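The sequence shown lines up with residues 1 to 1054 when you count with UniProt numbering.
Contents: one structure, followed by commentary.
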Amino acid sequence: MEEVEKIKVGGCPHEFLADGKKWSELLHRISEKTGKDINLVIYRDFEEERKKIKEEEFDLYYASPEIAVELYRKGYVPVGAIKGQEDEVVLVSKENLKEKEFYKVALVNLKLFMLGLLNFKNIDKDRIELVFTKSHEETIEKVQNCEVDYGIIYGETLKRLKPQNLKIVSSGTLKSRHFFMAKKEKAEYWRKILSEFKEVEILNESAIEDTLKLFEELEELLTCWQEHDTAKAIQNIEGIGVLIYRDRIIYANKYAREVLGYSEEEIRNLSALDLVSKEYRETIQKIVERRLKGERFPVVYKELKVKTKEGKSLWILAFSQTILYEGQYAGFVIFVDITKRKRLEKLYKLLREINQTITGVFHEGEIFEKICHNLVKNLDLKFVWVGKLSEKGEVIPVYTCGEEEDYVKKVKISINPDEPEGWKPTAKALREGKIVINPNTLENPDVEPWREEMLKRNFLSSCAIPIQLEGGTGYVINLYASEPYYFEEENKEILYELKEDVEFVLRRVRELRNYLILSKALEESREWVLITDREGKIIYVNKGVEEISKYSAEELIGKTPRIFKSGYHPQSFFRKLWQTILSGKPFHAVFVNKNKYGELFYLDQKIIPLRTPEGDLFFIGLCRDITKEVKLTEEVEWITTHNVETGLLNKVGFQKVLSPLLGKLSSTGALIALDMVGFSRLIKEFGEEAIKKLLKEIAVRLEKTFRRGDIIAKGDGDEFLIFAYPLKKKDDVLSLIEKIRQKFSKPLTIDGKKIRLSFYIGVVTYPYDGRTFSELYYRAITAVKEAKRRGAGEVVLFDEELDKEVERLIEGEKLLRKAVEENLFTFHFQPIYRLRDMKIFSLEALVRIKEGDKIHYPGEFIELLERGVFIKEFEEWMIRELRRLLGKWNVPISVNLSAINFKNDEFMENLNLVCKEYPGKLILEITERLLIENVERTRRILGDFRECGLVAVDDFGTGYSSFSYLKELPLDLIKIDMMFIKSMLESSKDLALVEAIVFFAQKIGLKTLGEGIENAKQLEMLKRMGCTYGQGFYLAKPMPEEEVEKLLREEGLL
């Protein structure tokens, strides 16, 4: 089939989209008349139309006036128009538009609508902001959404769309219309085609002349508007002053009036000469006369001094020209204020001069004298004085310079803020250590007590510069000017440089003075100060050296420190000493020396190498006599290695003594570990003081039981350790066990009460069960654990069947060591929920060890921590970590305390400090057994803690459960053990127990928490009982820090 030829027709988006049916019929008829198919091109909006029209060619185009002009310039001519069609534009707004200072007007970016804007008298063109849209529909939408105040659109569009809540503010028909445009060479063809349509008026080329003329007038109007807008921008721009003058000022923009301090009415009564400083008036007079005669010439004033209404001097950079204003010649001036720059230049010059002047001055009074003279001279100041703070808190003048020196006699200045004088700039500067400016004496309330005296002397502004030295503010420099606002906030940076320069010089002077004082102090000091040359010959000793060594200075000068040699240090010690100090590094060690009479003395000495600028090397020995401290070392050693209550070695001392012995022991030995049966019961029954006496008596009996060479120690808690050696054979240990049983077969009498004891006993033999302290100790406590499992009074000799437990303990110790050395401890957190609203109440911190990607759980290491292995390092980490977490989270954290933690007073004090730093954010969880071991101590510690945190009883129901102590101790929360929660659905007894705990807790004002919630039924049952909180895998599993933070963020708790 032969393809039918097509013609390309385009059209105004507004027209074609406005009445698609009309244009569809018209185009169909054109297609029939021409015998060709129509290729219709319609653009999305006016913006696309204006862009594409320059690139594409058409056979026929129905164009708006502006597009018609564009096409005319491309060689198209008008061939027709729709009869009666005229371009009407309307100004629309919302019904309830309120009066504003500025309005936003939306319109499509076509000149026709700019013309409409200029024709609308309703809008002040100086008070509008234009918002260009792509279509009339977008314009209407912006007006309806209150994004703009007005919209300009075709009247026909308004009628077609009928938008709600819009009103026509103004309307007007323009001298323009839409045209059918065609290429000039095809114009007659299209006129012939269109002449057959009764709705089309045929046009010749001249029909567009009115439209062209209209757009020429529009260009002129837009140019005028542009020039008007530019002038407005210049006169209103912040930071540029504009003046127009004849014999008087006839115009001054807002900035000019503000800078000069006049109202509009006031400035119109002034001449240009009234604003200029006296020294410039003669020159300005001649220029004014020439301008008013109509001479046109530019003048630039790089620096012109003018006066404000208040008499303040300003420096301006000004540009002037002659203009015709309202039909008469006038002077036109644009200026910027350069006063700050000018003043900064003066201040920088002053800084240079002051630095040059005070260099080489070594007396504080002379320094201030030179500074004051420079300030008065270079800054044209009226008066400068320097004050110093007295012990009574009053400011005493120490130097004055300039006019009106009697001023300081008339005023009293105190730094006491409770007195009126304490708010003067001088007092505030001294008190706060900051530069304080009085911008205007006439207006500043802070100078009220001295205003009269200041105004008498024409002190219209002032500045106080504090000079800070060691120990606080030492002096204050006060500056007074005869102009208001002479000292600007912007100048403070330079004033601070002046402050720093003066402080630097004063510090240098004081350092020189201190050097002289220090020299004398060293000479008289009782501490050891000795100086040698490079060869080690003594060139200086102070009196401290003479007193300690018993040698005179004359006996020591020229000798070497070998004179003090005691023979206690090997040659390697001195080789290291010389290698260190000759490399330029200090050497620090304890020296054992002999005095003149052969008596030993000990020095904690630091030898410091000092190289002078000339390259000479000296060595300074600074020492502290520690002879007395050394004599106390044995006592300190005893305290750290012994149990104070029993006088026996403690576990640390036991290991310290036994470890080296095992390395060289060739005979058989036995390590025996004893744990008392029912120790907690004994504490509860007899009290802590009685138990201390009991432990002492046990120690006495053990010492009587074993030989003098055997090693006896008091371990952790109720543990006793004995290493007996040498043994003739392995089985000899049985006789030792029998001796222990016989010794304790009779009761002990404490405070008149008889106490019968029995022990769990674990035994290991050396070298059969182990060769190192760790192997023997862990196997012994493993045997004790087995004895406890078997029953009271049992003795267990270690055998291979228990070795797995020992391996676990040894591996646990290795794991703890690695965790300490590599900082592997971490917390996982299990949320605790408030059951009434299921919101997170707190997080329980559960310790883990994270080794790479592997997580180690407490079962691998917690037993060792609770026996004191690396407990100090763990506790220090725990305190640091809690501080970090509590500082960044807004949710309480609960931590479990073991017996060893709770019994450590230092740890509990540190934990209490953390609690006080973050009140209400820390919860202690403590077991029932710990609560009752020492009730008085427990009450005191928990009472202190509850002032800032909460206390919870952990695993309630599994230990010494008693409701009686709950009401006696300072508690907040009972955690019901998970075994009761787990079984309460199956066991009516467990259910009754849980209900009883919840009920009793409510009655005595305690909260309850159900642990180990594993399903919805358990949760609902606890809710019905009135249980306060819940925790368990059903609600949330323990999770690492990053996961819990995500959860807290979702809950709105971060």
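Here a beta-carbon is modelled for each residue, glycine too, at the ideal position from N, C-alpha and C.
Computed from a predicted model, the values in this text were never measured in an experiment.
*With residue 589 as the anchor, note down where its alpha helix (DSSP H) starts and where it stops.*
That residue, residue 589, is in no alpha helix (DSSP H); its beta strand (DSSP E) goes 587-594.
*Measuring CB to CB, does residue 465 end up less than 9 Å from residue 477?*
Yes, they are a contact pair.
*For residue 660, verify whether its CB is less than 8 Å away from any heavy atom of the ligand ZN.*
Because no ligand of any kind appears in the structure shown, any question about the ligand ZN cannot be addressed here.
*asked:* For residue 245 and residue 207, which I take to be in contact (beta-carbon distance under 8 Å), what is that distance rounded to the nearest angstrom?
replied: 53 Å between Cβ atoms; not a contact.
*asked:* So, at 6 Å on beta carbons, what are the nonlocal neighbours of residue 748 in its own chain, with the 5 sequence-adjacent residues on each side left out?
replied: Same-chain partners within the cutoff: 697, 755.
*So, do the segment 707-721 and the segment 812-829 have three or more beta carbon pairs nearer to each other than 8 Å?*
no
*Tell me whether residue 856 sits in a helix, a strand or coil according to DSSP, three-state version.*
strand
*Can residue 673 and residue 744 be called in contact, C-beta distance under 9 Å?*
Result no, Cβ atoms of residue 673 and residue 744 do not sit closer than 9 Å.
_Classification of residue 11 by the beta-carbon crowding that lies within 10 angstroms, buried from 16 upward_ = buried
_Using a Cβ-Cβ cutoff of less than 7 Å, which residues in the same chain neighbour residue 694 once the five nearest sequence positions on both sides are dropped?_
748, 750, 755
*Quick one: give me the first and last residue of the alpha helix (DSSP H) that residue 772 is part of.*
No alpha helix (DSSP H) holds residue 772; DSSP gives it neither H nor E.
*asked:* Quick check on residue 838: buried or exposed, where buried means 16 or more other Cβ atoms within 10 Å of its Cβ?
replied: exposed
*Between residue 785 and the rest of its own chain, which residues show a CB-CB distance below 8 Å, the 5 nearest in sequence each way excluded?*
Result list for residue 785: 762, 805, in chain order.
*Segment contact, 8 Å Cβ cut-off, at least three pairs: the segment 905-917 with the segment 656-675*: no
_Only counting the same chain, and skipping five residues up and downstream in sequence, which positions put a Cβ closer than 6 Å to that of residue 250?_
244
*Pull up the distance between the alpha-carbon of residue 587 and that of residue 821, whole angstroms please.*
Taking the straight line joining both Cα atoms gives about 28 Å.
_Runs of 4 residues minimum, wholly inside the segment 627-663: which ones carry the alpha helix (DSSP H) assignment?_
627-641
*asked:* So if DSSP puts residue 181 in a beta bridge, which residue, or which two residues, is it bridged to?
replied: 61, 78
*Within the same chain, show all residues whose beta-carbon is closer than 8 Å to that of residue 824, passing over the 5 residues directly before and after it, in chain order.*
818, 849, 850, 851
_Which listed residue (977, 687, 771) has its alpha carbon closest to that of residue 937_ = 687
*Indicate whether residue 424 and residue 406 have their beta-carbon atoms separated by less than 9 Å.*
no
*asked:* For residue 609 and residue 582, what's the separation of their Cα atoms in angstroms?
replied: Straight-line spacing of the CA atoms in residue 609 and residue 582 works out to 7 Å.
*Closest residue to residue 1029 among 1040, 681, 973, 1044 (Cα-Cα distance)*: 973
*Can you tell me which of the three DSSP states residue 491 falls into?*
Helix.
*Report the rounded CA-to-CA distance for residue 792 versus residue 955, giving the unit in angstroms.*
25 Å
*C-alpha gap between residue 1018 and residue 981, whole angstroms*: 7 Å
*Inspect the beta-carbon positions of residue 621 and residue 532 and report whether they are closer than 9 Å.*
With respect to residue 532, residue 621 sits close: the two C-beta atoms are nearer than 9 Å.
*So, are the CB atoms of residue 482 and residue 458 less than 9 Å apart?*
yes
*Work out the CA separation of residue 1031 and residue 1013 for me, nearest whole Å.*
6 Å
_residue 131 beta carbon less than 9 Å from that of residue 169_ = no
*Given a cut-off of 9 Å, decide if residue 92 and residue 140 are closer than it, judged by their beta-carbon atoms.*
yes
*Identity of the residues DSSP links to residue 817 by a beta bridge*: The partner list for residue 817 (beta bridge, DSSP) is empty, contrary to what the question assumes.
_Validate contact between the segment 1034-1048 and the segment 987-1007 using beta carbons, cut 8 Å, 3 pairs_ = No, because fewer than three Cβ pairs between the segment 1034-1048 and the segment 987-1007 fall closer than 8 Å, the two stretches do not touch.
_When 461, 388, 400 are compared against residue 430, the one with the closest alpha-carbon_ = 388
*Which runs of the alpha helix (DSSP H) spanning at least 4 residues fall entirely within the segment 878-920, listed in chain order?*
899-902, 905-917
*Identify whether residue 397 lies in helix, strand or coil by the three-state DSSP scheme.*
strand
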